[in-house]
Structure formats: C-alpha cells, structure tokens
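Number of protein chains: 2
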Amino acid sequence: MALVVQKYGGSSVQDADRIKKVAERIVRTRKEGHDVVVVVSAMGDTTDELTDLAEQISPAPPAREMDMLLTAGERISNALVAMAIHALGAEARSFTGSQAGMLTTSKHGDARIVQVNPGRLRSALDEGSIVLVAGFQGMSEDSKDITTLGRGGSDTTAVALAAALEADVCEIYTDVDGIFSADPRIVPDAQHLDTVTYEEMLEMAASGAKVLHLRAVEYARRYNVPLRVRSSYNDKPGTLVAGSIEEIPLENPILTGVAHDRSEAKITVTGVPDTPGMAARIFRTVADAEINIDMVLQNISHESVGTTDITFTLPRADGPRAVAALEGAKNDIGFDEVVYDPEVGKVSLVGAGMRNHPGVTATFCEALSSAGVNIETMNTSEIRISVICRADQLDGAVRALHDAFDLGGDEEAVVYAGTGR
Amino acid sequence: MALVVQKYGGSSVQDADRIKKVAERIVRTRKEGHDVVVVVSAMGDTTDELTDLAEQISPAPPAREMDMLLTAGERISNALVAMAIHALGAEARSFTGSQAGMLTTSKHGDARIVQVNPGRLRSALDEGSIVLVAGFQGMSEDSKDITTLGRGGSDTTAVALAAALEADVCEIYTDVDGIFSADPRIVPDAQHLDTVTYEEMLEMAASGAKVLHLRAVEYARRYNVPLRVRSSYNDKPGTLVAGSIEEIPLENPILTGVAHDRSEAKITVTGVPDTPGMAARIFRTVADAEINIDMVLQNISHESVGTTDITFTLPRADGPRAVAALEGAKNDIGFDEVVYDPEVGKVSLVGAGMRNHPGVTATFCEALSSAGVNIETMNTSEIRISVICRADQLDGAVRALHDAFDLGGDEEAVVYAGTGR
Chain A
1 MALVVQKYGG SSVQDADRIK KVAERIVRTR KEGHDVVVVV SAMGDTTDEL TDLAEQISPA
61 PPAREMDMLL TAGERISNAL VAMAIHALGA EARSFTGSQA GMLTTSKHGD ARIVQVNPGR
121 LRSALDEGSI VLVAGFQGMS EDSKDITTLG RGGSDTTAVA LAAALEADVC EIYTDVDGIF
181 SADPRIVPDA QHLDTVTYEE MLEMAASGAK VLHLRAVEYA RRYNVPLRVR SSYNDKPGTL
241 VAGSIEEIPL ENPILTGVAH DRSEAKITVT GVPDTPGMAA RIFRTVADAE INIDMVLQNI
301 SHESVGTTDI TFTLPRADGP RAVAALEGAK NDIGFDEVVY DPEVGKVSLV GAGMRNHPGV
361 TATFCEALSS AGVNIETMNT SEIRISVICR ADQLDGAVRA LHDAFDLGGD EEAVVYAGTG
421 R
Chain B
1 MALVVQKYGG SSVQDADRIK KVAERIVRTR KEGHDVVVVV SAMGDTTDEL TDLAEQISPA
61 PPAREMDMLL TAGERISNAL VAMAIHALGA EARSFTGSQA GMLTTSKHGD ARIVQVNPGR
121 LRSALDEGSI VLVAGFQGMS EDSKDITTLG RGGSDTTAVA LAAALEADVC EIYTDVDGIF
181 SADPRIVPDA QHLDTVTYEE MLEMAASGAK VLHLRAVEYA RRYNVPLRVR SSYNDKPGTL
241 VAGSIEEIPL ENPILTGVAH DRSEAKITVT GVPDTPGMAA RIFRTVADAE INIDMVLQNI
301 SHESVGTTDI TFTLPRADGP RAVAALEGAK NDIGFDEVVY DPEVGKVSLV GAGMRNHPGV
361 TATFCEALSS AGVNIETMNT SEIRISVICR ADQLDGAVRA LHDAFDLGGD EEAVVYAGTG
421 R
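Taken in sequence, the protein lines are chains A and B.
Numbering of the first sequence is given in the UniProt record's numbering, commencing with residue 1 and proceeding in unit increments.
Numbering of the second sequence is given in the UniProt record's numbering, commencing with residue 1 and proceeding in unit increments.
Put into structure tokens, the structure is as follows:
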C-alpha cells in the first residue's frame with residue numbers, strides 16, 4: 001500500500017462531467033489499496049473570472065483581498081470533487097490550504113511555502129478517507145491571513161504535501177502523455193521519455209518546457225519526491241521524474257531533449273561606461289523593478305571610447321517595465337540608449353555531461369548553422385546549451401537540433417492537446 | 001463615536017455596481033467617525049448556483065462538503081466589498097466567519113453560534129480599518145470544520161458580532177423602508193413603525209413578517225442589541241427594534257400590527273385513542289423527523305368512541321415528510337388517518353396586553369366574521385392573537401383586522417420592492 005498524491009489542473013475539473021471523471025480515477029486508485037491525497041485547481045476559467053470581477057470593482061485591489069477572493073475558486077472545486085467521490089461510495093473530505101497546515105510567507109499573490117503541518121490530513125487518511133486539498137493557497141505564519149502561492153502554486157502544493165506526508169509518488173495530471181524529447185507539435189518524431197532526472201527536468205522547465213513548473217521540480221528535487229507526469233485522458237504511465245544526474249555514469253553525454261521558449265525578449269543597453277560597477281547598476285535597476293533576468297551577455301568593449309554594450313533576456317511580459325526602469329536610470333548611469341527586441345526565441349539542448357564533451361557544442365552550432373539559424377547569444381551549463389535566435393527561426397532550430405543529435409523515435413508522438421496548468 | 005454593525009443581503013451586492021453603492025454607504029458611515037463592521041451575504045443567486053452545481057455532481061452531497069462549497073459565496077462578496085471600499089480611499093479588511101472567531105456547533109447546514117471571539121476584528125478596528133465579515137458561516141468548536149448557519153444565518157451573524165463587540169446598533173439593510181403595521185402590498189394604508197419592542201418583533205417574525213429572521217431577533221433580545229431595519233435604497237432611518245414590552249405601561253392594549261403567513265399547512269390526525277401519552281407520541285413522531293410544529297389544537301373528544309382528533313400547523317415545505325412519518329407510525333399509535341390540508345393561511349394581530357383586554361379578542365373575531373372569514377383554529381399569547389383560515393381569505397382577513405383596529409396611517413405606504421435576505 002502506497003501513499004499517492006495526485007494533482008489535477010483547471011481543465012481537468014472544468015465542469016460537472018470532468019469532475020465526475022476525475023473522481024472515478026481517484027476512487028480507482030483508492031480501491032487499489034492506496035492512501036490518496038488530491039490537490040485540485042479551480043474549475044476552468046474561475047480564477048480569470050474572479051480576477052475580472054475584481055477589476056470591475058477596483059483598478060488596484062489590495063493583494064490581501066485578491067487572495068481572499070481567488071482562493072474561493074479552489075474551495076469550490078475541491079468540495080465538488082469530494083462530493084463526486086462520495087457519490088461513488090467512497091469517503092472524502094476537502095481541506096483549505098490553511099486547514100492542511102500549509103504555512104507560508106506573507107507576500108500576498110506570491111507567497112512561498114515555509115512549513116507544512118499535515119496532521120489533520122494524516123488523521124483523515126488514517127480514518128480511511130480520501131483527502132482533497134485546495135491548491136495554490138496557504139496561511140501566512142505571521143499574519144494568519146490567507147495567501148496564494150503565485151505561478152506554479154498548485155503543482156508546488158502537491159509536491160509539498162507529498163514531501164510532508166512522505167508520499168511514494170506525486171502524480172501531476174495534464175493533457176499530454178508525459179515529457180517528450182521535444183514539443184511534438186514542432187517535432188513529429190519526438191520521443192516519449194520514460195524517466196528523467198530532477199536536474200534534466202529543471203533545465204527543461206527553465207528552458208521553456210511547460211508541463212511542470214520549475215518551482216515544483218526544485219521542491220521535489222530538494223525533498224526527493226518522485227514525480228510522475230501523466231495524462232488525465234488515459235492510463236499510460238507517463239514520465240517519472242526522479243533521481244539525480246550524479247547517479248548516472250557519465251562516460252558519454254546523455255541527451256534528454258530539446259526545449260524551446262517563445263516568451264522572452266532581449267534588451268541591449270548600449271554605450272555603458274566601461275567602469276567597475278556599471279553592469280551591477282544596470283542589473284540592480286531591473287531587479288528593483290522585481291523583474292528576473294535570464295541570459296546575460298556583455299558584448300565586446302568599445303575600447304576606443306571606453307564603453308560597452310550589455311545584452312540580456314527577460315520575460316517578454318516584463319519587457320516594457322524593464323525598459324521604463326532603465327530609461328529612468330539613464331542619466332544616473334550614463335549609457336546611450338535602451339534597445340528592445342521582442343522577436344527572439346530561445347532553444348536549448350538538455351542532457352548530462354555537456355561541458356566535458358566539446359563535440360556536443362560543435363555539433364550544436366553546426367546543426368544551427370546548416371539550418372540557417374543565426375546564434376545571437378549562447379549560454380551553457382553542465383547539462384544545458386541555450387541560444388537566442390530570431391523567433392521565426394525557432395521551430396527550424398528545434399528540428400535541426402533534434403535531428404542532429406538523433407533524438408527521434410520510431411513511433412509518431414501523440415500531438416499535444418495543450419498543456420495543463 | 002459609535003460602533004456600527006451593518007448587514008447587507010444578496011440583492012444589495014448582486015453585481016459590481018451594487019457593490020460600489022454599498023461601499024459608498026459604508027465609507028460615508030466611517031467618515032462620520034464611527035467604527036464600522038459589515039456583514040455581507042453572497043452575491044445575488046450565488047448560493048443557489050453553487051447548490052445547483054452540487055446537485056449536478058451528487059443527489060445527496062455530504063453536509064460538510066456543502067458547507068465548504070457554499071461558504072465560497074460569502075468569501076467572494078466580502079473580498080469584493082473590501083476592494084470597493086479600498087478604491088474609495090478607506091482601509092478595509094475582510095474575514096471569514098472562522099477568522100472572525102465565530103464558533104459554532106457541528107451541525108453542518110444548520111449550525112448554532114456557541115461563542116464569538118472578536119479579538120482579530122477588534123485589532124483591525126483599532127488600526128482604523130473597516131471590517132468585513134462573511135455572514136452565514138462559522139467554525140465548529142469540536143471538529144474545526146467550516147459550518148454554515150442555516151436560515152437567517154447572515155442576520156444572526158450581524159447580531160452576534162454586534163453583541164460580542166458591544167456595538168451601539170446593528171443595521172439590517174433590506175429593500176423596504178422598515179417595519180409596517182401590515183404588508184403594504186396587501187394594505188395600502190399600512191403605517192411605518194418608528195419603534196417596536198423585541199417581543200413585538202418576535203411575534204411579527206413568528207407570525208410571517210419576513211423582514212427580520214426570528215432567530216436574529218431572539219439573539220438581539222437576549223443580548224440587548226438595538227436593531228435598525230433600513231432600506232439600502234435611501235437614507236430613511238427605518239425602524240428601531242429595541243426595548244422590552246415590560247417597560248411599556250399597559251393601561252391600554254398597544255397594537256403593533258397585523259402579520260400574515262402563507263407558508264404553513266395543516267395536518268389533522270383523526271381517531272387518536274383518547275388515552276394519556278397518545279398526543280405526545282404523535283408530536284414525537286413529527287419531532288423525530290426534525291420538523292417544527294407551530295399551532296396545535298386538540299379537538300373535542302369523541303367520547304362515545306374514546307378517540308380525539310389532533311390538529312396542528314407546520315411549514316408547508318415539511319408537510320409531505322410529516323405525513324409520511326405519521327403514516328409510518330399509524331399502526332403503532334392506532335389512529336384512523338392523517339388528513340393533509342395545504343390551503344391554509346395564518347393571520348395574527350400583534351401588540352401588548354392582549355389577554356388582559358377581552359374586548360380585543362371580541363373585536364378580532366367580529367372583524368373576521370364580518371369579512372366572511374371562517375376561523376379554523378385560534379391561538380393566543382400575551383402579545384399576539386393568531387388564527388388559521390382558508391388561504392384565499394387571507395388578504396381579506398389582514399385588511400379587515402387592520403381596519404377594525406384602526407391601524408391605518410395618513411400616508412400611502414411605500415410598496416415593498418421585495419424582502420431582503
């Protein structure tokens with residue numbers, strides 16, 4: 001008998017029929033003799049609808065009240081799933097994040113989990129009940145106010161509960177069959193991966209793969225929670241995310257797959273005085289606007305004039321704000337101008353042992369060159385090589401790399417229905 | 001500076017515009033220098049919609065999960081009102097029933113308030129904030145589960161908070177201008193009452209007047225909380241419910257008004273063995289089905305055969321269940337049959353000092369007789385005379401009594417827009 005944590009996203013519970021299907025799967029798992037804990041997101045578009053309602057009321061609603069409002073969504077879906085389970089003859093009880101002992105920081109809208117005290121859940125499981133926990137929420141340790149966890153919140157809730165309850169597995173249900181060596185919508189012969197290590201999954205997620213949130217994978221890796229990414233539409237086993245890259249003998253590079261990301265933009269700050277501290281001031285300006293920077297490139301200095309250009313990438317959604325923040329600091333720092341370029345894409349090869357095998361990097365660059373893709377920026381780690389290219393060249397770049405490294409499989413991959421949340 | 005508790009029902013907050021209007025009134029009250037605590041029901045038809053959703057999932061959802069589900073409604077409306085207040089430049093914080101220290105029994109769907117610990121609300125008020133509290137809900141003392149309070153729950157929440165915080169007044173906002181000597185839709189010259197005592201209001205509420213729930217009035221009377229019933233559409237002062245009937249010198253009967261009730265049915269159990277304990281068994285049978293009985297009449301014994309008939313009234317919604325329960329007990333108790341009559345109405349004259357003034361009862365009966373209304377059952381208390389008559393004679397009975405006791409005023413009453421919740 002195992003303890004299984006399952007997470008279902010908004011599209012899996014978007015109406016009464018889908019809720020009943022999810023309940024059937026949950027009860028099936030319980031009947032196999034396992035303890036089952038389920039995390040459910042809000043139904044369908046509920047969170048967006050509540051956000052709209054708030055915007056009709058106020059242009060800048062207080063974050064504390066947004067959290068009170070939005071958490072109603074998960075409360076509703078979890079109670080309904082519990083009812084559906086009960087209608088199938090099994091015991092089920094739903095709990096809010098706060099009732100489940102999910103303690104967080106106080107940052108409304110983007111709280112971090114500080115501690116999980118699952119005592120009440122444990123008692124319910126011992127009484128034979130299936131346990132439902134509202135995802136995406138918790139309670140602030142300090143103020144005792146309800147908080148929401150920000151992006152990837154529901155996946156993270158599921159992993160955190162799995163860690164606290166020492167679950168045997170945490171299953172993340174989505175609408176794809178698992179993790180592939182590339183996006184099957186771009187690469188028809190992308191291969192399904194049976195297993196990936198935490199580090200590979202981290203790099204895939206950081207490089208654009210949308211199936212699992214980076215944050216949830218990091219939490220799973222820290223607490224060694226086995227994750228399984230599965231489809232809620234069938235019974236295929238999906239992909240197991242577990243184990244560490246260090247456990248794999250690295251005689252040859254092991255390539256996991258090719259990830260891509262269309263959500264970034266590129267900023268170049270030109271004519272930055274080439275003196276110590278200037279780069280730091282540029283990054284501090286962006287950081288103060290609470291914007292994360294991804295790849296950084298400091299271009300060749302223009303020695304003759306004592307300046308340099310600094311290029312970096314960031315989420316496109318934050319682009320305008322970053323530009324505004326930098327323009328505001330122009331006189332202080334003394335650079336020439338801010339050049340904003342949203343038409344970029346990022347493509348990454350993920351695997352193990354990249355740096356030790358220069359042949360990989362060479363093959364990488366040759367493949368892109370042959371495909372007519374110009375490398376604008378490159379960035380590497382132990383298990384990833386990423387480049388920035390023109391957005392309209394991204395698909396070709398993904399296919400070129402996937403072929404060059406022979407990642408294709410014999411079976412035609414199942415086309416994505418879309419990604420879960 | 002006073003502490004004011006205000007309660008707004010579902011129609012007052014049914015959409016973004018109404019919510020903003022309510023927020024304006026709340027902020028106006030705060031700007032007069034008062035501490036303000038507001039109880040808000042769920043928006044419009046939310047509770048019904050959530051109940052429908054539950055019915056699509058399961059025919060008999062567990063009560064614990066219904067409470068988790070339904071309480072989402074008040075959470076949403078309170079957060080939105082807090083946002084609207086904030087958009088007007090004032091501070092506001094919303095709290096769930098549990099956060100507000102509302103401890104209850106464990107009976108899901110119909111919990112009773114056991115204790116109110118308003119410490120967190122008090123702190124928020126001291127910090128200058130307007131406080132919003134979700135009505136209709138609390139937390140079970142024993143199980144720590146979320147509970148809903150059943151009928152009249154939001155009014156009762158407001159009164160309970162007013163009592164615990166020692167508020168100066170508890171204002172119940174509805175869509176009528178206050179309490180009248182009769183329903184103005186039936187009696188055009190019904191008078192607006194400036195003040196009524198708790199006991200008179202209790203009788204009015206028990207006799208069918210829908211503006212305030214009996215339960216909330218009882219709570220207010222026990223803790224001496226002044227209630228004000230006002231319209232959310234204008235600034236009229238409404239009706240103050242306060243004081244006790246004992247404080248009023250009773251030289252002459254003081255008549256408050258005429259109430260009517262269309263929601264009852266009549267049951268007659270015929271041929272009940274006229275031996276001690278039989279009536280008790282009949283009432284126990286009905287009580288075990290968790291049905292409340294209103295008026296009771298034990299008809300004349302049929303001495304020759306040693307049996308009697310027992311007649312009582314009850315909520316029509318419970319009629320079929322009561323009949324079923326009694327039919328099930330027929331052989332045990334040994335009566336002849338159960339006769340069910342849903343076509344009844346109840347009309348009541350409410351005031352003080354009825355019993356001491358037999359002239360009142362006589363005038364009462366004469367007025368009904370002249371109006372061609374047949375009295376089927378009569379029941380009196382110190383401050384109320386009620387009769388059961390045919391439902392289709394009810395309006396005529398109300399008008400006849402109102403005229404006979406000269407309760408009409410000079411001004412045309414404002415026609416009810418409908419009653420608040």
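Quick reminder that beta carbons are idealized off the backbone N, C-alpha and C, glycines included.
Can you determine whether any heavy atom of the ligand PLP sits closer than 7 Å to the C-beta of G33/B, and answer yes or no? No copy of the ligand PLP occurs in the structure displayed, which carries no ligand at all.
Within 8 Å, strictly: CB atoms of I293/A and F312/A: Yes, they are a contact pair.
Who are the near neighbours of A84/A in its chain, counting only those whose CB is closer than 6 Å to its CB and skipping five residues on each side? Excluding residues within five positions, the ones whose Cβ falls inside 6 Å are I19, K20 and A23.
Give the interface partners of A79/B over in chain A, defined as CB-CB distance under 7 Å, in chain order. E65, M68 and L69
Bridge-paired residues (DSSP) for E171/A: Q6/A and R228/A
Going along chain A in order, which residues have a C-beta closer than 7 Å to the C-beta of M83/B? By Cβ distance, chain A contributes A54, I57, S58, P61, P62 and E65.
Contacting positions in the segment 11 to 30 of chain A - beta carbon closer than 9 Å to chain B: D15, A16, D17, I19, K20 and A23
How would you list, in chain order, the residues of chain B whose beta-carbon sits under 7 Å from the beta-carbon of A72/A? Chain-ordered, the chain B residues with CB closer than 7 Å to the CB of A72/A read A72, R75 and I76.
Can you pull the chain E residues whose beta carbon is under 8 Å from the beta carbon of R93/A, in chain order? Absence of chain E from the displayed structure is noted, the protein chains being A and B.
Checking contacts by CB at 8 Å: is A124/A closer than that to chain B? no
Comparing C-alpha positions only, which one of A60/A, L125/A, D45/A and A400/A sits nearest to A90/A? L125/A
Three-state secondary structure (DSSP) at E32/A? Note: E32/A maps to coil in three-state DSSP.
Chain B residues whose Cβ lies nearer than 9 Å to that of A100/A: In chain order: nothing, as chain B lies at least about 12 Å away.
Span of the beta strand (DSSP E) around V133/A: I130 to A134
Measure the C-alpha to C-alpha separation of L193/A and S181/A and round it to an integer number of angstroms. Take the alpha-carbon of L193/A and the one of S181/A: they are about 7 Å apart.
Reducing DSSP to helix, strand and coil, say where P273/B ends up. strand
Tell me, please, whether the segment 26 to 41 of chain B touches the segment 253 to 266 of chain B by the rule of three or more beta-carbon pairs shorter than 8 Å. no
Taking 8 Å as the cut-off, does the segment 383 to 397 of chain B touch the segment 332 to 339 of chain B (at least 3 CB pairs, one atom from each stretch)? no
If the criterion is Cβ atoms closer than 8 Å, does the pair L212/B and A205/B meet it? Yes, the pair counts as a contact, with Cβ atoms nearer than the cut-off.
Which residues bound the alpha helix (DSSP H) around S154/B? G153 to A164
Check each candidate in A16/B, T46/B and I57/B and name the one with the smallest Cα separation from A16/A. For A16/A, the nearest C-alpha among the options comes from I57/B.
I130/A, buried or exposed, once every other Cβ within 10 Å from all chains shown has been counted against 16: buried
Quick one: which chain A residues come within Cβ less than 8 Å of L50/B? I76
So, are the CB atoms of A400/A and A352/A less than 8 Å apart? no
From the beta carbon of H34/A, is the nearest beta carbon of chain B less than 8 Å away? no
Delimiting residues of the beta strand (DSSP E) encompassing T380/B: T377 to S381
Tell me the residue span of the alpha helix (DSSP H) that contains Q56/A. T46 to I57
Identify whether H213/A lies in helix, strand or coil by the three-state DSSP scheme. coil
F180/B - DSSP class collapsed to helix/strand/coil: strand
Anyone know if the C-beta pair for S94/A and V13/A falls short of 8 Å? It is not a contact, given that the beta carbons lie outside the stated cut-off.
With the cut-off set at 8 Å, would you say A63/A and V159/A are in Cβ contact? no
Closest Cβ-Cβ distance between H86/B and chain A: below 8 Å? yes
Secondary structure at G119/A, three-state DSSP: helix, strand or coil? helix
Under a Cβ-count criterion, where at least 16 other Cβ atoms within 10 Å of its own Cβ denotes burial, should R421/A be classed as buried or exposed? Interpretation of R421/A is limited by its pLDDT of 23, a score under 50 that renders its predicted location unreliable; no figure is taken from the coordinates.
Reduced DSSP category for V286/A - H, G, I as helix; E, B as strand; rest coil: V286/A: helix per DSSP, three-state reduction.
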